[in-house]
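Enquirer:
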Amino acid sequence: MTLATGLPESLVEFLRQPVAVPEDRVEAQDFVRRTDVRELYRGTLGTPRADEMLALCAELFAELNPNRASLLALFCGSWVEGGASPRIAFAAVLEALGRALAVVRPYCADEDVEDDEEAQAAAGLARAQLDSLTPAQSLQVDSAHAAVDLLVLPLMTMLMRSRENHRDFLASGELLRDIDAMVKSNTTLPFDNLHFLDHAAALTYDDELVVVLPTTRTGLVVSAQGINCNFHAFSLLQPLLAAHGERLGLQVTAPVAADEVPREDSAQYLWLQAFAFEKGELVNSLAWAWGEAPLRSNSRKHGHCVLIALDTEEGVSRSWSGFADRLHDAHQPSVELVRFLSAEEVAAYLD
């Protein structure tokens, strides 16, 4: 039977069930085998009804326990992968993640830390609390812990398909701090998938990244989308500069295609931030664009994020590996030329 909401009654009843004993927990592989789930999926995937179902599911998340919320979120992610809107259920699924993390947060700490009495005390308290849980409490914590890793999957599907979702994700400050802490400073209750969201938070989408070449007094504006970090940006920008070397005044003999970003790469320029130059002169050769940092973390000038590619023998020995990896099948990082800078604009960015 289907409710007036459009969702099968049997599915809604299942989702609303409490998780009071271990047998109440349901694994993802068992959930997708349910007849009502299979029939709903087959009847809506790739159709306009998928968006309608996402909207109805989004209304349910607030009342579901973490186990059921993670299963429903996985279903929603499948609709999105099939072409449904990544926006409709994103906020509801992100809130479900926040609730699950709130359950496990008191038990997450770093037991491997050294020479930090405060951190050691926190780890001791977290471990003591975890060890003192009753069976019923342990079930809730274990359910929330498993739900977090499952919720990451549909969230990544939605994040990688929507800049608006990524913008909203970056606006959830406290949640981002929790994710970062539970990824980097948590050995008592570690996660398998949560690090993907930490990486997603570092992505940069910039429609007008400015790149200046002081040696030739040229530059360009590029669209930089889905960039992992500065190292990733360098790997994408260097072949783009080579491809337009003649226009940029560069001595380039064989432009390199950027179809496949090399896993191992090295700097062809000394990559600096905007404040390295003043009044047209280099004043701080140590104002590096730090490789591991997000691209958007670089200093801004005249309202734009700026990278300076200085052609010099000094300080260009940096190399890196693995920073260009894609986070998801739908993660499509790119840099594309928007336009070349005028001489006046180059002077202004170096002023």
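Just so you know, our numbering puts 193 at position 197 of the sequence shown, and the rest follows in order with no gaps.
Just so it is clear, CB atoms sit at the ideal spot from N, CA and C, and this is done for glycine as well.
1) With 16 other CB atoms within 10 Å as the buried threshold, where does A198 fall?
2) How would you label K214, buried or exposed, when you count the other beta carbons within 10 angstroms and need 16 or more for buried?
3) With DSSP as the reference, please indicate the residues paired to K275 in a beta bridge.
4) Out of G39, Y37, A96, state which residue places its alpha-carbon closest to the alpha-carbon of F57.
5) Could you tell me how far apart the beta carbons of L266 and V312 are, in whole angstroms, since I believe they sit closer than 8 Å?
6) Does the beta-carbon distance from R292 to T153 come in below 8 Å?
7) For G241, which of G94, D307, R259 has the nearest alpha-carbon?
8) Any contact of the stretch 107 to 123 with the stretch 157 to 176, i.e. 3+ C-beta pairs under 8 Å?
9) Can you give the beta carbon distance from S295 to S262, rounded, assuming they're within the 8 Å contact cut?
10) Can you list, in chain order, the stretches of the alpha helix (DSSP H) that have 4 or more residues and sit fully within the stretch 181 to 209?
11) Between L149, S128, E170, F230, which has its C-alpha nearest A98's C-alpha?
12) Can you give, in chain order, each stretch of the alpha helix (DSSP H) that sits fully within the stretch 223 to 269 and has at least 4 residues?
13) Going by DSSP in three states, P4 sits in which element: helix, strand or coil?
14) Below 7 Å CB to CB, which residues in the same chain sit around G318 once its five sequence neighbours on both sides are set aside?
15) To the nearest angstrom, how far is the alpha carbon of A272 from that of L90?
16) Have a look at E341 and N226 and give me their C-alpha separation to the nearest angstrom.
17) What does DSSP give as the partner residues of T214 in its beta bridges?
18) Our contact map puts V257 next to L233 with C-beta atoms below 8 Å; I'd like the distance itself, whole angstroms only.
19) Determine the burial state of N280: buried for a count of at least 16 other Cβ atoms within 10 Å of its Cβ, exposed for fewer.
20) Any idea if G79 is buried or exposed, counting beta-carbon neighbours within 10 angstroms, 16 or more meaning buried?
21) What's the gap between the Cα of V15 and the Cα of N61?
22) If we ignore side chains and look at the alpha-carbon of each, how far apart do S330 and D108 end up?
23) Locate the beta strand (DSSP E) running through S317, then write down its first and last residues.
24) Along the beta strand (DSSP E) that carries C301, what are the first and last residues, could you check?
25) Looking at L41 and C72, is the spacing between their C-beta atoms short of 8 Å?
26) For Q221, write down the residues that DSSP places opposite it in a beta bridge.
Expert: The relevant details are as follows:
1) buried
2) For the record, residue 214 in the displayed sequence is Thr; it is not Lys. Looking at its Cβ environment, which holds 16 or more other Cβ atoms inside 10 Å, T214 is buried.
3) According to DSSP, K275 bridges with nothing at all.
4) A96
5) 5 Å
6) no
7) D307
8) no
9) Actually they are not in contact, since the Cβ atoms of S295 and S262 sit about 24 Å apart, beyond 8 Å.
10) 190 to 197
11) E170
12) 226 to 239, 241 to 244
13) strand
14) R259
15) 39 Å
16) 23 Å
17) L209
18) About 11 Å separates the two Cβ atoms, so there is no contact after all.
19) exposed
20) exposed
21) 7 Å
22) 38 Å
23) 315 to 317
24) 300 to 306
25) no
26) S330
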